[in-house]
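Oh and the sequence shown: position 208 is 1234 in our numbering, straight run, nothing missing. To start, the structure itself, in structure tokens.
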Amino acid sequence: MSINAKMESAMTGLLREGADYADIYFETGSSHSCFFEDRAFEEITSSRREGIGARVVRNDEVAYVHGPGATASEAVFYLGEAAKAGGIAAPQDPFPALRIMERPAPLPAPRRDFFHDLDGRIRRSSLWVRQVSMHFETAEKTCTVFTSDRTIARDRRIYTLFSVEVVLEKDGDLQTGYESAAFALGEGDFFDRVTPLQVAERALARGLLLLDAPPCPAGAMTVLLSGEAGGTMIHEACGHGLEADIVQKDFSPYRDKIGQTVASPLVTLVDDGTLPGAFGSGSCDDEGTPCGRTVLIEQGVLKGYMTDVLSARRGGLPRTGNGRRSSYRAVPQPRMTNTFIEPGATPLSEMLRTMKRGLVVKRMGGGEVNPTSGDFVFQVTEGYLVEDGVIRHPVRGATLTGNGPEALRNIQAVGDDLHFLHGMCGKGGQSVPVTDGQPSLLIGNLVVGGTDA
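In structure tokens form, the structure reads like this:
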């Protein structure tokens, strides 16, 4: 009997003993990162890991056991411990100490040749520069999943990230500019697409912009959310409410609304884990379900939710390939991958001409969201005041306050552009890579907070 067949036999045996579902997740990985600050490398780290997570489900109760290892015998031991925790007899057949996962090949050390030169170029570009910080990271992980549904799946994922933060001071006023780039690509392909100098220059330009920007006026106004803002608001204020576990816990404003109009008819919202090179992409999720394209909202009508295995079983829903986990130490959850609004037909210039008085947002910062109601507050790190269809000047200190479902309904125009931004998404103590995207969106009646009333 092959090792795959023996693994399958162990899990189907648990089904005969009363389990509803079982799976085993193997993971190996390695990473390198370096932090540069004060004209020197502050930290350079490398790590390798390998481990196993075993899950047994019975009557909607989940038993999960994890630990180090990469062999079939270790996996079945953890599976047996999970089974016993769930009140089910453990597998008895002996298993060989055969590695299921190969040890990861060491990642090449990341490039460090450009940091000092880039730091000097940015400092020479402006007298106001006080600090330059850079972070570069490469990571690789391979996962293999065996399930009681007779699924066997394997995926290898590679990530590379580079970010720059520039602190500037003028007449006692401190401002910060930040820019980053990240893709699911190896270092060589990453640098074919990303130029470190361009990333640094964008961070510097954003900081310089804020040094001379007046305070943002406050009040309800039309907001033109540029495609460059990258879908952060859509992800945080709407996306989490479309994850099936949130819906099933009655923490979502989209519960029981499939088939109903929940957004402007101009809006089609998609989650697609297959976009080449995107930060949230893969061939399968962390439960072995193939990644795919899931239409969540189509022309304003709610079509479905993002699911993992358990939420799909619980709700009689299709599996969408959104069962993701941060590592073998964590259980999967329904999570976004690459989530975006599809482009429309309106040029940005045309949307701008319709604005009597409003705000153009080119980059979002941090914020807070209530996932149950969809209420949000977001900082604006790059915004411009618009009057009579003309961009007048940049502003500082702006915030956007509103409600996610209401903002979707108030979208008045959807641009013909489409931009993506990467990020790390946190939920339930886990962080996973994602990409958010949107075309330019004209949204009516958002409350803009500012320091100039």
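For each residue, glycine too, the CB sits at the ideal point set by N, CA and C.
- Secondary structure note for residue 1445: it is in no alpha helix (DSSP H), and the uninterrupted beta strand (DSSP E) holding it is 1445-1453.
- Annotation: residue 1418 to residue 1409 spans about 11 Å, alpha carbon to alpha carbon.
- For the pair of segments examined, the stretch 1149-1168 was found to touch the stretch 1188-1195: the number of CB pairs separated by less than 8 Å reaches three.
- The beta carbon of residue 1226 sits closer than 6 Å to the beta carbons of 1144, 1148, 1190 from its chain, once the five residues preceding and following it are set aside; these are given in chain order.
- Between residue 1041 and residue 1276, the alpha-carbon positions lie close to 30 Å from each other.
- Distance from the CA of residue 1338 to the CA of residue 1051, rounded to the nearest whole angstrom, comes to 19 Å.
- DSSP assignment within the stretch 1056-1122 yields the following whole beta strand (DSSP E) runs of 3 residues or more, N-terminal first: 1066-1084, 1087-1094.
- For residue 1051, the beta-bridge partners assigned by DSSP are 1079, 1171.
- Between residue 1314 and residue 1179, the C-beta spacing is below 8 Å.
- Here residue 1325 has 1291, 1294 as same chain residues with Cβ atoms under 7 Å from its own Cβ, once five neighbours each way along the sequence are excluded.
- Note on geometry: alpha-carbon atoms of residue 1256 and residue 1387 lie some 10 Å from one another.
- Per DSSP, the beta-bridge partners of residue 1206 are 1189.
- Residue 1286 carries a coil assignment under DSSP once its states are collapsed to helix, strand and coil.
- Between the alpha carbons of residue 1186 and residue 1305 lies a distance of about 9 Å.
- Rounded to the nearest angstrom, the Cβ distance from residue 1377 to residue 1250 is 6 Å, consistent with a contact under 8 Å.
- Take the alpha-carbon of residue 1141 and the one of residue 1064: they are about 11 Å apart.
- Judged by DSSP in its simplified three-state form, residue 1233 adopts helix.
- Listed in chain order, the alpha helix (DSSP H) runs fully inside the stretch 1378-1458 are 1430-1435, counting runs of at least 4 residues.
- Here residue 1245 is exposed. Its C-beta has fewer than 16 other C-beta atoms within 10 Å.
- Three or more pairs of CB atoms, one per stretch, sit closer than 8 Å, so the stretch 1446-1464 contacts the stretch 1254-1268.
- The beta carbons of residue 1200 and residue 1422 sit no closer together than 8 Å.
- For a cut-off of 8 Å, the C-beta gap from residue 1416 to residue 1384 is around 11 Å, too long to register as a contact.
- One alpha carbon belongs to residue 1442, the other to residue 1343, and they sit about 33 Å apart.
- For the pair residue 1278 and residue 1265, the CB atoms are not nearer than the 8 Å cut-off.
- If you look at residue 1245, you'll find it in the beta strand (DSSP E) that goes 1245-1251.
- Residue 1407 holds the alpha-carbon nearest to the alpha-carbon of residue 1228 among 1171, 1282, 1407, 1328.
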